[in-house]
Each structure stands twice: as C-alpha cells, then as structure tokens.
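S.K.: Handing you a structure now.
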Amino acid sequence: MRRGVCSFVLMAIGIAAVAMMGGGSRSSVAKAGQPPASNAEVKIDNFSFGPATVTVAAGTTVTWTNRDDIPHTVVSDDKVFKSKVMDTDEKFSFTFAKPGTYSYFCSVHPKMTGKVVVQ
Amino acid sequence: MTKRVKDEIVHDHNNDGVDRRGFLKCMAWAGTGALCVMQGGVLKSYSLSRLSDLGASATAGGELSFVQISDSHMGFNKPANPDVAGTLKAAVDKINGLSVAPEFMLHTGDISHLSKPEEFDTVDQILKGAKPKDVFYVPGEHDVLNDDGKQFLERYGKGAKGSGWYSFDKKGTHFIGLVNVMNLKAGGLGTLGHEQLEWMEDDVKHLKSSTPIVVFAHIPLWSVYPEWGWGTDDSAQALAYLKKFGSVTVLNGHIHQTMQKVEGNVTFHTACSTAFPQPQPGKADSPGPMKVPAEQLRSVLGITDVNYITGQHALAVVDSSLA
C-alpha cells in the first residue's frame with residue numbers, strides 16, 4: 037500500500053519535471069536569435085476577415101475566430117491550410133513555419149479574401 | 043392568424059416574335075405585399091383579388107403547378123430565427139392549404155445550415171407532411187460543407203450527373219436543376235463549370251424552341267449583387283444555350299428575399315427563405331441574417347407557387363409569405 041502511494045507521487049514529480057524542461061527549451065530557442073513563438077488573431081465579422089492582411093514572423097500561429105451568425109471557412113488558395121467549417125465563435129489555427137505570402141478565402145463565401153504575410 | 047399576402051406575376055412570352063430587349067429589374071419584399079409590375083406584354087401582375095380569375099382560365103387549359111421552397115437552413119438557431127423547423131412547418135402548412143394542390147416541390151438549396159445528417163433528416167421529416175410527395179433538390183453551399191457534397195449526392199442526387207445536376211420533363215415543361223455552389227474560387231461568384239455547361243448544352247439541343255424551360259439553381263444565375271457574391275460567374279454561357287426558347291424561367295434562392303428581373307425571354311426569380319431574411323443588396327454591412335421583430339418574421343419568409351399554363355406559355359409566379 038505504502039509503495040503504491042510512493043510511486044504515484046514520484047510519477048507526478050516526473051510529469052512536472054518534463055513540463056518544466058519543455059518550457060525551458062522553448063525559451064532557450066528564442067534566446068538563440070529566432071523570433072519567439074507568437075500568436076496573431078484574425079476575426080471574422082460581417083463576412084470579412086479583419087485585418088484582411090496580417091504580417092507575422094515565421095513560427096507564428098494565426099487563429100481565426102468566426103464572430104458571424106453564418107458559418108465560414110479559411111482555405112488557402114494553394115491548399116496549404118484548410119479549416120473545417122466554423123460555426124459562430126468557433127476557431128481555426130495554423131502555424132506558419134515558412135516565410136511567404138499566403139492568400140486565403142472562405143470557400144463558402146469566396147468574396148471573402150485575406151492574406152497572411154510571413155517574414 | 044394575420045392575413046395572407048400574395049404577390050403574383052405572370053410572365054407572358056407568347057404574344058410576339060419580335061426581338062424584345064425589354065428589361066426590368068424590380069424588387070419586392072414578400073412580407074410588405076409590394077407587387078412587381080412590368081408593362082408592355084412581357085410580364086403582368088395580378089393582385090390577390092384577381093387570383094380567382096386566373097384560377098378559372100388556368101384549370102380550363104390544363105395546368106401544371108408546383109411549389110418552390112428554399113433556404114430552410116435547418117440547424118440555424120440564432121436570434122434572426124430560433125425556430126427554423128417551425129417556420130418550415132408553417133411553409134408546409136401553407137403549401138397544403140393551396141387551392142390547387144401542387145404536383146411537386148423544388149427545393150433550391152441550403153436545406154441544412156451545417157450539412158449535418160440530423161439537419162437533413164429533420165427537413166426530410168417535415169417535408170413528408172407536405173401533400174406533394176416529389177421534391178427535386180439542388181444543393182446550396184451550406185449543404186456541401188466539409189465533404190464536397192458527397193452526403194448531398196447520396197441523399198438527393200440519385201441519377202443526377204456530376205455534382206448533382208439533372209433535368210426532367212413535366213407536362214411538356216423541361217426542368218433543369220443546376221449546381222453552382224461547388225469548387226468556388228477565391229474572389230469569385232457561384233460557378234457552374236465546364237463539365238456541367240457541356241452537359242446542359244447537350245441536354246437542351248434537341249428540344250423544340252417552343253418548349254417552356256424552367257432552370258433552378260441555388261445562387262442566382264443573374265448578377266443580383268456581385269459585391270456580396272450574389273451571382274454566378276459563368277451563368278451567361280448557360281443562358282446562351284437557352285436563347286432559342288420562347289419561355290425561360292430561372293428560379294433561385296440564396297439571397298433570402300424575392301426579386302424578379304425580365305431580360306429578353308428569360309424571367310429570373312429568387313425565392314424567400316423559410317428560415318431567416320437577409321438584407322436588400324448593399325443595405326447592410328454584410329449579407330448576414332437580418333433580425334426583424336418576432337411578430338414580423340413570418341412576413342419575410344415564404345414559399346413560391348408556380349403555375350404553368352399549357353398553351354399560353356406563361357408561368358405565374360406567386361410568392362406567399364408565411365404570415
């Protein structure tokens with residue numbers, strides 16, 4: 037019985053240690069000169085992406101949030117990324133590893149277009 | 043119950059062979075009782091009080107009548123209409139209450155809101171309560187989310203070509219169901235695509251020019267308001283194949299309001315939604331659902347009842363609000 041409790045505690049400590057190491061390695065990457073992992077937001081309101089163009093550093097995760105009463109999608113013109121349909125308040129995220137200009141649109145309402153510029 | 047409002051338009055393409063370039067664009071809100079009127083022989087309108095006159099002449103010559111419903115958006119539950127099942131049921135009640143029982147129904151798409159199986163199931167269940175048992179569907183963009191229309195085809199596209207287009211004949215009228223919601227391109231409008239256009243050219247090639255044609259598709263096949271995506275990029279090609287015909291009626295949905303236009307021998311007509319209204323073109327920041335006071339909602343939803351009068355080559359289009 038005592039042994040059982042003991043190993044449970046050890047396991048918990050182990051998980052905590054792994055979590056700390058994970059955090060540590062991320063910050064050391066940033067110190068090595070690469071831009072820190074960051075986030076950017078695009079809101080969908082009134083059948084438009086806002087901002088229509090976001091400029092971000094490589095490694096940035098862009099999150100789209102649909103704030104309309106109508107479902108939308110986020111699909112890149114050359115199919116680099118493609119969301120499932122997003123109902124009201126649903127989100128879609130994509131991490132842009134490589135620099136470039138990514139044009140995208142809503143495949144349900146193709147008049148809705150936007151751009152992610154990754155530097 | 044509030045009183046029923048009916049707007050009726052008769053398109054008469056029968057009285058001359060002159061190259062009419064008459065053009066009219068007008069617009070009617072189903073709920074306001076506003077009437078679309080055109081003078082000069084192409085299109086006539088009748089007020090509600092004259093409906094009985096038409097009824098008598100129509101039955102004398104033999105007639106085909108059918109109903110168009112559109113944009114049920116089953117699954118939508120936002121404030122613009124928290125009970126889309128209820129308003130679809132009201133539409134069915136209205137269809138069942140028509141004095142001449144329609145032979146069949148056309149559903150011009152956006153059956154579901156999110157392409158979920160249970161949404162389609164609910165619509166199927168409600169429509170089973172309608173007197174007309176045959177329903178002909180074309181998909182809206184909301185019916186083909188996530189799976190490129192696979193589910194739609196399995197449910198409604200038996201015997202259809204490509205992504206769901208087909209044609210059939212009823213009492214001498216040739217009906218063509220088109221799909222313009224697939225493979226939409228960034229910045230573009232609705233699309234029919236090369237394969238479908240080729241099929242359509244072949245489909246109408248051998249028909250006599252006196253055959254009345256009814257084309258139905260979800261997104262308007264005329265440029266209603268391209269800024270909001272209310273049009274179809276390659277519709278002009280489709281309409282070119284129909285030039286030889288004396289009577290062409292195009293029925294669409296998508297824009298959740300009634301609108302009519304007559305151009306040459308083609309009459310365009312869009313139907314109301316049974317779910318929620320959308321703003322008039324350019325009259326709001328976006329084409330999103332329009333919230334109207336609850337007591338007004340049913341006056342801006344509705345069904346379209348179409349009568350084809352044999353021998354007169356005329357189609358009477360009647361929009362009824364659910365109020």
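Here the protein sequences line up with chains A and B, keeping their order.
As numbered in our numbering, the first sequence has no gaps in its residue numbers, which increase by one up to the final residue, 155.
As numbered in our numbering, the second sequence has no gaps in its residue numbers, which increase by one up to the final residue, 365.
For each residue, glycine too, the CB sits at the ideal point set by N, CA and C.
Quick check on tryptophan 272 of chain B: does DSSP put it in helix, strand or coil?
M.R.: It is a strand residue.
S.K.: Let me know the secondary structure DSSP gives aspartate 163 of chain B once reduced to three states.
M.R.: Helix, per DSSP.
S.K.: Measuring only between beta-carbons, confirm whether cysteine 42 of chain A sits less than 8 Å from chain B.
M.R.: Low per-residue confidence applies at cysteine 42 of chain A: pLDDT is 38, beneath 50, and the placement is therefore not dependable, though the value from the model is reported in the following sentence. With 8 Å as the cut-off, cysteine 42 of chain A does not count as an interface residue toward chain B.
S.K.: Return the residue from the list B:Lys170, B:Val142 and B:Gln193 that minimises the CA-CA distance to serine 154 of chain B.
M.R.: Closest by alpha carbon: B:Gln193.
S.K.: In angstroms, rounded to a whole number, what distance separates the CA positions of leucine 148 of chain B and isoleucine 111 of chain B?
M.R.: Near 6 Å, if we compare the C-alpha coordinates of isoleucine 111 of chain B and leucine 148 of chain B.
S.K.: Determine the chain A residues that contact glycine 41 of chain B at a beta-carbon separation under 8 Å, and present them in chain order.
M.R.: In the structure as shown, chain B starts at 43 and stops at 365, and residue 41 of chain B therefore has no counterpart that could be examined.
S.K.: For serine 154 of chain B, list the residues DSSP reports as bridge partners.
M.R.: Answer is B:Met116, bridged to serine 154 of chain B.
S.K.: Given that serine 139 of chain A touches chain B, what residues does it touch there, using C-beta distances under 8 Å?
M.R.: Per Cβ cutoff of 8 Å: Ala228.
S.K.: What do you reckon, are the CB atoms on aspartate 152 of chain B and glycine 128 of chain B nearer than 8 Å?
M.R.: In this structure, glycine 128 of chain B does not lie closer than 8 Å to aspartate 152 of chain B by Cβ.
S.K.: Whole angstroms is fine: what's the gap from lysine 127 of chain A's alpha carbon to aspartate 81 of chain A's?
M.R.: The straight-line gap from Cα to Cα measures roughly 13 Å.
S.K.: In this structure, how does DSSP classify serine 341 of chain B when only helix, strand and coil are distinguished?
M.R.: Helix, per DSSP.
S.K.: Please state whether DSSP places phenylalanine 85 of chain A in a helix, a strand or coil.
M.R.: DSSP places phenylalanine 85 of chain A in strand when its eight states are reduced to three.
S.K.: Check the Cβ of proline 107 of chain A against every Cβ in chain B and list those closer than 8 Å, keeping chain order.
M.R.: Result: His155, Leu156, His184 and Leu187.
S.K.: Is glycine 136 of chain A buried or exposed, if buried means 16 or more other CB atoms sit within 10 Å of its CB?
M.R.: Per the 10 Å Cβ criterion, exposed.
S.K.: What does proline 159 of chain B reach in chain A if we use C-beta pairs closer than 8 Å?
M.R.: Going along chain A, no residue has its Cβ under 8 Å from proline 159 of chain B, so there is no contact; the nearest lies around 14 Å.
S.K.: Measure the C-alpha to C-alpha separation of proline 268 of chain B and aspartate 275 of chain B and round it to an integer number of angstroms.
M.R.: Proline 268 of chain B and aspartate 275 of chain B: Cα-Cα distance of roughly 9 Å.
S.K.: Out of curiosity, what's the CA-to-CA distance linking glycine 229 of chain B and glycine 117 of chain B?
M.R.: Each residue's alpha carbon lies about 27 Å from the other.
S.K.: Pick out whichever of B:Phe162, B:Ala280 and B:His296 has its Cα sitting closest to the Cα of tryptophan 272 of chain B.
M.R.: Tryptophan 272 of chain B has its Cα closest to that of B:His296, out of B:Phe162, B:Ala280 and B:His296.
S.K.: Please list the partners that proline 331 of chain B has in chain A, where partner means a Cβ-to-Cβ separation under 8 Å.
M.R.: Those are Asp105 and Ile106, listed as they occur along chain A.
S.K.: Measuring alpha carbon to alpha carbon, tell me which residue in A:Val78, A:Lys79 and A:Val152 is nearest aspartate 114 of chain A.
M.R.: Of A:Val78, A:Lys79 and A:Val152, the residue nearest in Cα terms is A:Val152.
S.K.: Spell out whether any CB of chain A is found under 8 Å from the CB atom of aspartate 327 of chain B.
M.R.: Answer yes: the Cβ-Cβ gap between aspartate 327 of chain B and chain A drops below 8 Å somewhere.
S.K.: Excluding the five sequence neighbours on either side, which residues of its own chain have a C-beta within less than 8 Å of the C-beta of aspartate 125 of chain A, listed in chain order?
M.R.: Around aspartate 125 of chain A: Thr101, Asn102 and Arg103.
S.K.: From glycine 86 of chain A to glutamate 77 of chain A, what does the alpha carbon distance come to, in whole angstroms?
M.R.: One C-alpha to the other measures close to 9 Å.
S.K.: Taking glutamine 299 of chain B and proline 319 of chain B to be in contact with their CB atoms under 8 Å, please state how far apart those CB atoms are, rounded to whole angstroms.
M.R.: The Cβ separation is near 6 Å, so the contact holds.
S.K.: Measure the alpha-carbon distance for alanine 336 of chain B versus leucine 239 of chain B and round it to whole angstroms.
M.R.: The alpha-carbon atoms of alanine 336 of chain B and leucine 239 of chain B are separated by roughly 42 Å.
S.K.: Can you grab the Cα-Cα spacing for the pair leucine 220 of chain B / cysteine 142 of chain A, in whole Å?
M.R.: Each residue's alpha carbon lies about 22 Å from the other.
S.K.: Ignoring anything shorter than 3 residues or poking outside the region 160-236 of chain B, list the beta strand (DSSP E) runs there in chain order.
M.R.: The region 160-236 of chain B contains these whole beta strand (DSSP E) runs: 176-179, 208-212 and 215-219.
S.K.: What number of angstroms, rounded off, separates the C-alpha of aspartate 189 of chain B from the C-alpha of alanine 202 of chain B?
M.R.: If I take the Cα positions, the gap works out to 17 Å.
S.K.: For glycine 206 of chain B, return the contacting residues in chain A, with the cut-off set at a CB-CB distance below 9 Å.
M.R.: Those within 9 Å of glycine 206 of chain B in chain A number zero; the least Cβ separation is about 17 Å.
S.K.: Check the Cβ-Cβ distances between alanine 313 of chain B and every residue of chain A, and say whether any is below 8 Å.
M.R.: False, the Cβ-Cβ gap to chain A never drops below 8 Å.
S.K.: Is it true that the CB of aspartate 176 of chain B sits closer than 8 Å to the CB of phenylalanine 146 of chain B?
M.R.: For phenylalanine 146 of chain B and aspartate 176 of chain B, yes; Cβs fall inside 8 Å.
S.K.: Within the continuous beta strand (DSSP E) that includes serine 129 of chain A, where are the two ends?
M.R.: Serine 129 of chain A -> beta strand (DSSP E) spans 127-132.
S.K.: Check for me: the alpha helix (DSSP H) holding valine 110 of chain A runs from which residue to which?
M.R.: No alpha helix (DSSP H) contains valine 110 of chain A, which DSSP labels as neither H nor E.
S.K.: Skipping 5 residues on each side, what residues in its chain have a beta carbon closer than 6 Å to that of serine 139 of chain A?
M.R.: Hits under 6 Å: Asp113 and Lys151.
S.K.: Determine, using beta carbons only, whether lysine 120 of chain B comes closer than 8 Å to chain A.
M.R.: Chain A, which has a Cβ nearer than 8 Å to the Cβ of lysine 120 of chain B, makes this yes.
S.K.: For phenylalanine 85 of chain A, decide whether its Cβ has a neighbour in chain B, counting only Cβ atoms nearer than 8 Å.
M.R.: By this cut-off, phenylalanine 85 of chain A is not an interface position.
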